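In the working numbering, the protein residues as written are 63 to 776.
Backbone N, C-alpha and C define an ideal beta-carbon position, used for all residues, glycine too.
On a predicted model such as this, the values are computed, not experimentally measured, just so you know.
Inspection log for the structure reproduced underneath, given as structure tokens.
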Ligand code: NOJ
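Right under this line is the structure:
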């Protein structure tokens with residue numbers, strides 16, 4: 063940070079009492095009528111550094127009231143004008159994938175493989191949220207996850223570290239823009255640090271077992287990218303790793319986060335996580351909890367008041383040194399200055415025209431949706447008669463997805479509305495679909511049946527893990543029933559997580575994976591079904607056949623016997639009763655044309671390690687031809703395989719992708735520059751290394767591509 067900020071921070075700290083300092087570390091939630099007066103008194107005494115602008119332990123699952131800018135301005139005035147040091151309060155809210163305009167769930171945005179569009183979505187989001195007086199949002203959520211039973215998989219980038227890196231950079235850039243002190247920005251918070259997505263069995267808040275080697279190579283890269291992109295806050299996670307709660311772990315919060323990743327901002331706990339150390343069995347009382355957390359490097363305490371109620375005592379008893387408190391305050395004040403909070407503590411609500419944001423939301427949603435199957439039925443012709451059936455035809459709230467606390471279901475067009483707007487030949491069948499037969503006149507007259515299927519938003523999000531990842535039995539019955547009509551049938555699946563595709567895709571002629579895609583989800587589906595947009599999303603997670611095949615992710619290390627067992631096309635005898643090949647692999651997605659790839663060509667077949675380290679690169683490229691008669695986007699994906707290394711390396715690792723629009727009949731040359739940063743890995747001590755030897759380079763449509771060349775590092 064600049065010298066002038068440092069000076070201002072030191073001056074403030076020098077004049078603060080211990081109580082006031084601890085106040086800066088205290089983040090209660092928005093007061094209710096019951097505790098309002100007490101709350102205001104605490105603000106006036108300088109005992110509140112930040113406010114979590116919501117109520118309840120699982121904010122994303124509960125309706126949160128609309129923000130009253132006047133109310134927060136009044137609270138802020140108390141802090142600025144009445145508290146001893148006049149330090150403004152930092153207002154934080156979970157603005158996870160949009161504000162009033164809702165964008166697709168982050169997992170869906172990852173499927174767009176379009177970081178620029180992701181940045182744009184978060185730019186629009188920041189503009190809307192900042193206008194409501196929000197300074198800080200608890201996003202990006204960067205938890206790599208291999209278990210789709212976990213309800214929170216919807217909030218993150220999926221199963222791949224590289225996609226995580228790209229999402230981290232894109233989201234931080236969109237939120238913070240070029241100048242964080244600008245009023246139309248939000249401070250980003252990289253969460254949940256670390257390993258929360260690895261909770262055993264996908265059970266929320268559960269323990270995780272992660273070796274340091276795995277941590278550095280799978281879980282940390284996205285956090286490092288967020289830090290490098292300028293994220294100044296990090297939220298620690300609820301879970302423990304191998305018996306160490308993150309909340310009180312110096313190893314994770316200081317040695318790795320600060321010393322290895324170079325993080326300079328402040329760490330906030332998750333909700334009530336400090337006091338939770340008692341339940342986790344590493345502290346006997348709240349004073350011990352507070353001391354353990356702050357000594358480990360956790361700066362701000364969310365909601366449980368454990369710091370404000372206990373740290374004075376802990377300093378007096380010597381359990382915590384005042385220097386530790388000063389350091390935490392220093393970090394928090396530095397971020398407040400960087401965010402421009404001292405220059406513009408109050409919000410001035412303007413009328414925002416959200417028209418353009420809604421256009422962006424529709425575009426983002428369309429780019430996120432993944433066409434999985436198409437027997438030539440799509441795109442639909444507007445002259446065709448379409449019977450629209452199923453539980454998601456009129457659904458609004460689930461289209462928005464979990465962690466939507468400012469979007470409004472009643473403002474969200476449903477599929478029936480958007481489809482009818484596009485064509486006068488759409489007939490919604492309203493009666494119990496399982497009770498019809500093909501003599502139903504609308505079905506009999508229809509050329510195509512479109513089934514709107516999916517999972518409810520209430521099956522996703524925090525504290526909402528499921529034991530089976532599928533759509534309901536009724537919906538499967540509906541698919542089978544629709545088949546008996548003898549019509550071409552399209553399934554549109556609105557869901558948050560990867561679901562097991564067996565018994566769903568087989569009986570459908572086309573499948574569009576539409577996610578929970580926000581305010582304009584229905585519009586985007588309509589655009590794709592009628593061919594106004596050629597689908598271009600790709601899977602950032604594997605879709606397994608069965609839930610019992612979990613965990614199933616592409617970037618596994620190879621097994622010794624049988625070779626390629628587990629993910630590839632030759633799964634050998636993993637299970638005697640079923641084949642655990644992916645139903646649809648990572649990176650998969652089709653569109654309304656075909657793309658033909660040339661063999662990859664590299665500009666050099668060998669490169670010396672020292673040249674690579676010095677900044678030299680290897681360029682590898684392909685020519686991709688659109689052989690169909692529709693202009694469409696292809697996501698060209700580059701994977702590597704480090705053939706022989708001192709540690710086992712994954713059978714494939716995504717190292718680059720480019721989404722390119724290729725007009726019909728045309729070709730595009732797509733190249734990637736492989737750098738030192740792409741070709742190595744971390745050892746268990748967190749040190750990055752590139753080793754000599756052969757690297758297989760694959761460029762193709764998804765992770766199973768065999769389109770390979772080879773380079774050698776000498
Ligand atoms: C708990 C969640 O784990 C976290 O993601 C969220 O930001 C906080 N609550 C605040 O709502």
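For residue 263 and residue 209, which I take to be in contact (beta-carbon distance under 8 Å), what is that distance rounded to the nearest angstrom?
The residue labelled residue 263 in the question sits at position 201 within the chain shown. The residue labelled residue 209 in the question sits at position 147 within the chain shown. Confirmed, Cβ separation roughly 7 Å.
Measure the Cβ-Cβ separation of residue 523 and residue 460 and say whether it is below 8 Å.
By 1-based counting over the chain shown, the position of residue 523 is 461. By 1-based counting over the chain shown, the position of residue 460 is 398. No; because the gap between Cβ atoms is not below 8 Å, this pair is not in contact.
Can you tell me which residues form a DSSP beta bridge with residue 724?
Taking the chain shown and counting its residues from 1, one reaches residue 724 at position 662. Looking at the DSSP output, residue 724 shares a beta bridge with 694.
DSSP bridge partner residues for residue 770 (one or two, in chain order)
One-based indexing of the chain shown puts residue 770 at position 708. Answer by DSSP bridge pairing, in chain order: 760.
Where does residue 452 land, buried or exposed, given buried means 16+ other C-beta within 10 angstroms?
Counting from 1 along the chain shown, the entry for residue 452 is found at position 390. Looking at its Cβ environment, which holds 16 or more other Cβ atoms inside 10 Å, residue 452 is buried.
C-beta atoms of residue 152 and residue 112 nearer than 8 Å:
What you label residue 152 is simply residue 90 of the chain shown in a count that begins at 1. What you label residue 112 is simply residue 50 of the chain shown in a count that begins at 1. It is a contact, given that the beta carbons lie within the stated cut-off.
Closer than 7 Å by C-beta to residue 374: which residues in its own chain qualify, once you throw out the five before and the five after it? Chain order, please.
Numbered from 1 along the chain shown, position 312 holds the residue referred to as residue 374. Answer for residue 374: 80, 81 and 84, listed in chain order.
Put residue 408 into one of helix, strand or coil per three-state DSSP.
Here residue 408 refers to the residue found at position 346 of the chain shown. Three-state DSSP puts residue 408 in coil, outside helix and strand.
Where does the unbroken alpha helix (DSSP H) through residue 516 begin, and where does it stop?
The count along the chain shown starts at 1 and reaches residue 516 at position 454. Element bounds for residue 516: not the alpha helix (DSSP H) but the beta strand (DSSP E), 510-516.
Quick check: does the Cβ of residue 285 come within less than 7 Å of any heavy atom belonging to ligand 1?
To locate residue 285, count along the chain shown from 1; it is residue 223. No; taking the cut-off as 7 Å, the Cβ of residue 285 has no heavy atom of ligand 1 nearer than that.
From the DSSP output, in three-state form, read off residue 356 for me.
As a working mapping, residue 356 is identified with position 294 in the chain shown. DSSP places residue 356 in helix when its eight states are reduced to three.
According to DSSP, is residue 368 part of a helix, a strand, or is it coil?
What you label residue 368 is simply residue 306 of the chain shown in a count that begins at 1. Three-state DSSP puts residue 368 in a helix.
By Cβ distance below 8 Å, which residues in the same chain neighbour residue 383 in space, the five residues on each side in sequence not counted?
In the chain shown, residue 383 corresponds to position 321, counting from 1. Around residue 383: 377.
Within the chosen definition, does the stretch 582-593 reach the stretch 188-205 through at least 3 CB pairs nearer than 8 Å?
Short answer: they don't touch.
Where residue 295 sits in the DSSP three-state scheme
By one-based count along the chain shown, residue 295 stands at place 233. Residue 295: strand per DSSP, three-state reduction.
Nearer than 7 Å: is that true of the beta carbon of residue 161 relative to any heavy atom of ligand 1?
Numbered from 1 along the chain shown, position 99 holds the residue referred to as residue 161. Taking 7 Å as the cut-off, one finds no heavy atom of ligand 1 near enough to the beta carbon of residue 161.
Please list, in chain order, all residues of the same chain as residue 685 whose beta carbon is under 8 Å from its beta carbon, the five residues on each side excluded.
For the purposes of this step, residue 685 is taken as the residue at position 623 of the chain shown. Once the five neighbours on either side are set aside, the close Cβ partners of residue 685 are 659, 660, 729, 730, 731 and 732.
Mapping DSSP to helix, strand and coil, what is residue 199?
Mapped onto the chain shown, residue 199 falls at position 137. The answer is strand: DSSP assigns residue 199 an E or B state.
Using only the alpha-carbon positions, how far apart do residue 575 and residue 319 sit?
On the chain shown, position 513 is the one that residue 575 refers to. On the chain shown, position 257 is the one that residue 319 refers to. The straight-line gap from Cα to Cα measures roughly 36 Å.
Determine which residues share a DSSP beta bridge with residue 716 and list them.
Counted from its first residue, the chain shown places residue 716 at position 654. In DSSP, residue 716 forms a bridge with 701.
Looking only at its own chain, which residues have a Cβ that is under 6 Å from the Cβ of residue 527, when we skip the five neighbours before and after it?
Position 465 of the chain shown holds residue 527. Cβ within range, chain order: 211, 212, 213, 264, 265 and 266.
Which residue comes first and which comes last in the alpha helix (DSSP H) that contains residue 226?
Translated into positions along the chain shown, residue 226 becomes position 164. Element bounds for residue 226: 223-238.
Using alpha carbons as the reference points, say which of 296, 249, 289 and 305 lies closest to residue 273.
Working through the chain shown from its first residue, we reach residue 273 at position 211. Looking at 296, 249, 289 and 305, the one whose alpha-carbon comes closest to that of residue 273 is 305.
Which two residues bound the contiguous beta strand (DSSP E) that contains residue 330?
Position 268 of the chain shown, counted from the first residue, corresponds to residue 330. Residues 328-330.
For residue 143, does the count of other Cβ atoms within 10 angstroms reach 16, so buried, or fall short, so exposed?
Mapped onto the chain shown, residue 143 falls at position 81. Exposed is the call here.
Inspect the CB distances between the stretch 602-613 and the stretch 706-715 and report whether three or more fall short of 8 Å.
Here the stretch 602-613 does not lie against the stretch 706-715, with fewer than 3 beta-carbon pairs under 8 Å apart.
Can you give me the C-alpha to C-alpha distance between residue 678 and residue 751, rounded to a whole angstrom?
Here residue 678 refers to the residue found at position 616 when the chain shown is read from its first residue. Here residue 751 refers to the residue found at position 689 when the chain shown is read from its first residue. Answer to the nearest angstrom: the Cα atoms are 16 Å apart.
For residue 366, which option in 769, 757, 692 and 110 has the closest C-alpha, if you only look at C-alpha atoms?
If you number the chain shown from 1, residue 366 lands on position 304. Nearest option by C-alpha distance: 110.
Can you tell me whether DSSP reads residue 529 as helix, strand or coil?
Looking up residue 529 in the chain shown gives position 467. The DSSP-derived three-state label of residue 529 is coil.
Between the alpha carbons of residue 735 and residue 667, how many angstroms are there, rounded?
Counted from its first residue, the chain shown places residue 735 at position 673. Counted from its first residue, the chain shown places residue 667 at position 605. In this structure, the CA atom of residue 735 is about 13 Å from the CA atom of residue 667.
Residue 297 classed as buried or exposed, judged by whether at least 16 other C-beta atoms fall within 10 angstroms:
Translated into positions along the chain shown, residue 297 becomes position 235. Buried.
Could you check whether the Cβ of residue 341 sits closer than 7 Å to any heavy atom belonging to ligand 1?
Taking the chain shown and counting its residues from 1, one reaches residue 341 at position 279. No, ligand 1 has no heavy atom inside 7 Å of this Cβ.
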